[in-house]
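> Using my numbering, you'd call the opening residue of the sequence shown number 37 and step up by one each time. Note that the Cβ used here is the ideal one computed from N, Cα and C, for glycine as well.
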Amino acid sequence: MSSTVENNVSKRSLSLSKNFSWTLLGNIIYALCQWGILMALAKLGDARMVGQFALALAITAPVFMFLNLQLRAVLATDANKNMPFSHYIGLRICTTLLALTVLGGFIIISGYDTQTQIIILLIAFSKAAESMSDIIYGLLQNNEKMDFISISLIVRGIASLLVTSGMLYVTGDLTISLLTYMGSWLLILIVYDIPKSRIFSVLTPTLSLKSLLPLLRISLPMGFVMLLISLNTNIPRYFISGYEGTEQLGYFSALAYVMVAGTTVISALGQSASPRLAKYYSSGKLNSFYTLLMKIGMLFIILALSAISIVMFLGQPILSILYGPSYSDYSYIFTLITIGAGIGYLGSLVGYGLTSARIFGTQVYLFIFINISLLLACYLLIPSLGLEGAAYSLIVGNIAQLIGSLFIFYFHFYKAGSSKVAGVAASKD
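Spelled out as structure tokens, the structure:
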């Protein structure tokens, strides 16, 4: 009896303000912990070690982001519960195994030295554990239980920071440190995420291809979008690694990661508001949809302007304190990266609106446009300007994202006509 009461209490949805507060807290602590790992690599190791870690992330992230198919967002915005959770977790298991297979094959033919191959493999297994936690987060998010997600992120972040930095301090070996990093992520999945998910659904996966195909068709466009988003982040890193080397990649990655503080707040706002936005849209309450989106937009603008102002005046001492004196020489590049991030925040806002309205297909074309713009900018600027060229390229890519997102949003919500927007069931893009 007491167990039933406890489960009923646990199932109660939180208010939007509480969901946002929990999400913000969890994402900030998690991002700070991941940032702490990067700082530990910079201070206990060197820029090359940071570069190796960044390279492994740059290689594994696009594969997992594509094959994860953005199932968390699809599940979180499934306001009408059109598909059971067993389909979502079944498809996620299949795609995670496929991602590990693809990366294993890449490692074999890559030609990287043995240490780099092992580092990539460890990050790949860490991403596999993360992808399983991620689909559980989608279930919790759909039920507006962001507190459970935040607790998971907080524990995972603190645990991975402590074991990774501690092992790096004791051994000075990145490989051993990342082994404990992977282990901490797997442990949180087993002891916390899986038990919490059972409050809302059984975890028996559906593995029938016939049953999974409808979900695959819905989510595949978003998988391509996430692949393109990941490439949008990592294309400059590929060019830097090729033209400037692993050490310069380490410097650039450290500078860019500072912007995670802002991105964390953006993600918290977007993830907390997405289920509510989706419900407004699916029920035809478009005025409420626009109003909530505009309120979030004002916060995005304030955050972007604040970040740019702080970095313009205090960038040099901030870098010196965070990473060491050698990083302070890159303060101008840091400012450029911050400007690009500020523009990107606004593009992300429009993207959350599009995803909440389940406008998936057209986002593929949007990010193809963004990546072509970024690729051309990197090709033209990085060989001659180095890290400065990479920062300018980020600005170009984020401007392309903002303009393209606004165009799609305007076309769908205004040009398409109110009758098309109101007929949500007949107008899934």
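Span of the alpha helix (DSSP H) holding M182?
Here the alpha helix (DSSP H) through M182 covers 182–207.
> Where does M101 land, buried or exposed, given buried means 16+ other C-beta within 10 angstroms?
buried
> Give the secondary structure of I95 by DSSP, where H, G and I count as helix, E and B as strand, and everything else as coil.
helix
> Could you name the residues of the same chain whose beta carbon sits closer than 7 angstroms to that of E166, not counting the 5 residues immediately before and after it, in chain order?
W221
> In three-state DSSP terms, what is G453?
For G453, the predicted model reports a pLDDT of 48, less than 50, meaning its position is unreliable; a value from the coordinates is still stated below. In the structure shown, G453 sits in coil (DSSP, three-state: anything other than H, G, I, E or B).
> Would you report the Cα separation of I64 and V296, rounded to the nearest angstrom?
9 angstroms
> Pairing CB atoms from the segment 400–419 with CB atoms from the segment 353–373, are three or more of them under 8 angstroms?
Contact between the segment 400–419 and the segment 353–373 is absent, because fewer than three Cβ pairs lie under 8 angstroms.
> Leaving out five residues on either side along the sequence, give the residues of the same chain with a beta carbon under 7 angstroms from the beta carbon of I129.
P241
> Just curious, the alpha helix (DSSP H) that K466 is in, first and last residue?
The first residue shown for the chain is 37 and the last is 465, placing residue 466 beyond what the model contains.
> If you run the structure through DSSP and keep just helix, strand and coil, what is S167?
helix
> DSSP three-state label for Y148, please.
coil
> Could you tell me the alpha carbon to alpha carbon distance between A195 and T216, rounded to whole angstroms?
10 angstroms
> Quick check on the DSSP output: the alpha helix (DSSP H) that includes F336 runs from which residue to which?
322–359
> By how many angstroms is the C-alpha of A94 removed from the C-alpha of M330?
If you draw a straight line from the Cα of M330 to the Cα of A94, it is about 33 angstroms long.
> Alpha carbon to alpha carbon, how far is A427 from N116?
Answer to the nearest angstrom: the Cα atoms are 42 angstroms apart.
> Expressed to the nearest angstrom, what Euclidean distance is found between the alpha-carbon atoms of T327 and E280?
46 angstroms
> Going by beta carbon distance, what residues of the same chain come within less than 8 angstroms of L341, once the five residues before and after it are set aside?
G378
> So what does DSSP say about F236, is it helix, strand or coil?
coil
> Can you find the residues in the same chain that come closer than 6 angstroms, C-beta to C-beta, to S169, ignoring five residues on each side of it along the sequence?
In the same chain as S169, and ignoring 5 residues on each side of it, the C-beta atoms closer than 6 angstroms to its own belong to L225, D229, in chain order.
> Would you say I159 and L214 are within 8 angstroms of each other, going by their C-beta atoms?
yes
> Alpha carbon to alpha carbon, what distance is there between L264 and F405?
10 angstroms
> Alpha carbon to alpha carbon, how far is L245 from L355? Give it in angstroms, no decimals.
50 angstroms
> What three-state label does DSSP hand P419 in the structure shown?
helix
> Closest to Y287 by C-alpha separation, out of V138, G440, P361, would be which residue?
Of the listed residues, the one whose Cα sits closest to Y287 is P361.
> Between the segment 379–389 and the segment 431–444, do three or more beta carbon pairs fall short of 8 angstroms?
yes
> Once the 5 residues before and after L175 are set aside, which same chain residues still bring their CB inside 7 angstroms of it?
Closer than 7 angstroms at Cβ, skipping near neighbours: L111, F121, S233, F236, S237.
> Ignore the nearest five residues each way along the sequence and tell me which others in E424's own chain have a CB closer than 6 angstroms to its CB.
Result list for E424: I369, in chain order.
> Report all residues from its chain with a CB closer than 7 angstroms to the CB of A92; omit the five preceding and five following residues, and keep chain order.
I155, I156, I159
> Could you check where the alpha helix (DSSP H) with T282 kicks off and where it finishes?
282–293
> Suppose the cutoff is 8 angstroms on Cβ atoms and the five residues either side in sequence are ignored; what does the same chain contact list for L252 look like?
L105, L127
> With distances taken Cα to Cα, identify the nearest neighbour of F325 among I185, S392, H448, D183.
S392
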